[in-house]
Amino acid sequence: MKKFSLALVVLAGLGLAACSSQTAPVGENAYKGNIVFSQPQGENLQLTIRKNDCSGNQQEGEQVVITRKYDSSLVVGACVIVSGDGKTTNVSTSSPRNPL
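Read left to right, the sequence shown gives residues -23 to -1, 1 to 77 (mature numbering (1 follows the signal peptide of the UniProt record, and there is no 0)).
Quick look at the structure:
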(Lines of atoms letter the chains of each structure in order from A and count residues from 1; the text may use other names and numbers.)
(Lines give C-alpha, C1' and ligand atoms only; values in the text may rest on other atoms or scores of the structure.)
Protein backbone atom coordinates (compact mmCIF):
# COMPACT_ATOMS: atom_id res chain seq x y z
CA MET A 1 0.00 0.00 0.00
CA LYS A 2 2.88 2.38 0.75
CA LYS A 3 4.40 1.80 -2.69
CA PHE A 4 1.05 2.54 -4.33
CA SER A 5 0.65 5.76 -2.34
CA LEU A 6 4.19 6.81 -3.19
CA ALA A 7 3.61 6.11 -6.89
CA LEU A 8 0.40 8.14 -6.78
CA VAL A 9 2.17 11.09 -5.15
CA VAL A 10 4.98 10.95 -7.73
CA LEU A 11 2.48 10.90 -10.62
CA ALA A 12 0.56 13.82 -9.14
CA GLY A 13 3.80 15.78 -8.77
CA LEU A 14 4.77 15.09 -12.37
CA GLY A 15 1.32 16.18 -13.53
CA LEU A 16 1.58 19.46 -11.64
CA ALA A 17 5.06 20.07 -13.01
CA ALA A 18 3.82 19.49 -16.56
CA CYS A 19 0.95 21.93 -16.08
CA SER A 20 3.15 24.65 -14.64
CA SER A 21 5.66 24.35 -17.47
CA GLN A 22 2.98 25.28 -20.01
CA THR A 23 2.67 28.81 -18.71
CA ALA A 24 5.34 30.78 -20.49
CA PRO A 25 6.87 33.71 -18.60
CA VAL A 26 6.21 37.17 -19.95
CA GLY A 27 9.44 39.16 -20.27
CA GLU A 28 10.01 42.86 -19.71
CA ASN A 29 9.28 43.93 -23.31
CA ALA A 30 6.62 41.28 -23.91
CA TYR A 31 2.90 41.38 -23.40
CA LYS A 32 0.09 38.88 -23.15
CA GLY A 33 -3.30 39.26 -24.79
CA ASN A 34 -6.17 37.79 -26.77
CA ILE A 35 -6.44 37.78 -30.54
CA VAL A 36 -9.66 39.64 -31.36
CA PHE A 37 -9.32 39.81 -35.17
CA SER A 38 -7.14 38.20 -37.82
CA GLN A 39 -6.88 38.88 -41.53
CA PRO A 40 -4.65 37.18 -44.11
CA GLN A 41 -2.33 39.44 -46.11
CA GLY A 42 -0.58 37.34 -48.75
CA GLU A 43 1.69 34.93 -46.89
CA ASN A 44 1.35 36.94 -43.67
CA LEU A 45 -1.37 37.34 -41.07
CA GLN A 46 -2.48 40.68 -39.64
CA LEU A 47 -3.53 40.24 -36.01
CA THR A 48 -5.41 42.59 -33.72
CA ILE A 49 -4.43 41.73 -30.16
CA ARG A 50 -6.04 43.13 -27.02
CA LYS A 51 -3.45 43.57 -24.27
CA ASN A 52 -5.52 42.24 -21.39
CA ASP A 53 -3.16 39.65 -19.89
CA CYS A 54 -5.63 37.02 -21.21
CA SER A 55 -8.10 37.88 -18.49
CA GLY A 56 -11.74 37.01 -18.92
CA ASN A 57 -12.69 40.67 -19.37
CA GLN A 58 -12.70 41.11 -23.14
CA GLN A 59 -13.67 44.80 -23.10
CA GLU A 60 -10.59 46.23 -21.40
CA GLY A 61 -7.06 46.64 -22.72
CA GLU A 62 -5.20 48.47 -25.45
CA GLN A 63 -5.50 47.02 -28.95
CA VAL A 64 -2.37 46.45 -31.01
CA VAL A 65 -2.22 45.51 -34.70
CA ILE A 66 0.77 43.41 -35.77
CA THR A 67 1.68 41.48 -38.90
CA ARG A 68 3.31 38.07 -38.60
CA LYS A 69 4.13 35.14 -40.83
CA TYR A 70 1.05 32.93 -41.24
CA ASP A 71 0.57 30.43 -38.41
CA SER A 72 -2.58 28.30 -38.24
CA SER A 73 -2.44 28.22 -34.42
CA LEU A 74 -2.98 32.00 -34.20
CA VAL A 75 -6.78 32.04 -34.22
CA VAL A 76 -9.34 34.51 -32.90
CA GLY A 77 -9.80 34.04 -29.16
CA ALA A 78 -6.36 32.55 -28.58
CA CYS A 79 -4.22 33.77 -25.71
CA VAL A 80 -0.81 34.79 -27.05
CA ILE A 81 2.46 36.18 -25.77
CA VAL A 82 4.16 38.72 -28.03
CA SER A 83 7.82 39.07 -27.13
CA GLY A 84 10.01 42.10 -27.59
CA ASP A 85 11.69 40.55 -30.63
CA GLY A 86 8.30 40.07 -32.33
CA LYS A 87 7.80 36.35 -31.73
CA THR A 88 4.14 35.46 -31.20
CA THR A 89 3.41 32.32 -29.16
CA ASN A 90 -0.03 30.80 -28.64
CA VAL A 91 -0.18 29.77 -24.98
CA SER A 92 -3.80 28.64 -25.01
CA THR A 93 -3.08 25.47 -26.99
CA SER A 94 -2.31 22.38 -25.01
CA SER A 95 0.59 20.16 -25.84
CA PRO A 96 0.09 16.40 -26.13
CA ARG A 97 0.18 14.77 -22.75
CA ASN A 98 2.37 11.83 -21.90
CA PRO A 99 0.18 9.16 -20.24
CA LEU A 100 3.10 7.94 -18.14
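Here a beta-carbon is modelled for each residue, glycine too, at the ideal position from N, C-alpha and C.
* Asked: Where do the N-terminal and C-terminal ends of the beta strand (DSSP E) with ASN67 fall, by residue?
  -> 65 to 67
* Look up GLN36 in the DSSP assignment and give the residues it is bridged to. => None; GLN36 has no bridge partner.
* Could you tell me whether the Cβ atoms of GLY63 and ASN6 are closer together than 7 angstroms? => no
* Asked: Does the beta-carbon distance from LYS28 to GLY19 come in below 7 angstroms?
  -> no
* Asked: If you draw a straight line from the alpha carbon of ASN67 to that of VAL52, how long is it in whole angstroms?
  -> 9 angstroms
* To do: Report buried or exposed for LYS9, applying the criterion of at least 16 other Cβ atoms within 10 angstroms of its Cβ.
  => buried
* Asked: Does the Cβ-Cβ distance between THR70 and SER50 come in under 7 angstroms?
  -> yes
* Asked: Roughly how many whole angstroms lie between the Cα atoms of LYS46 and LYS(-22)?
  -> 53 angstroms
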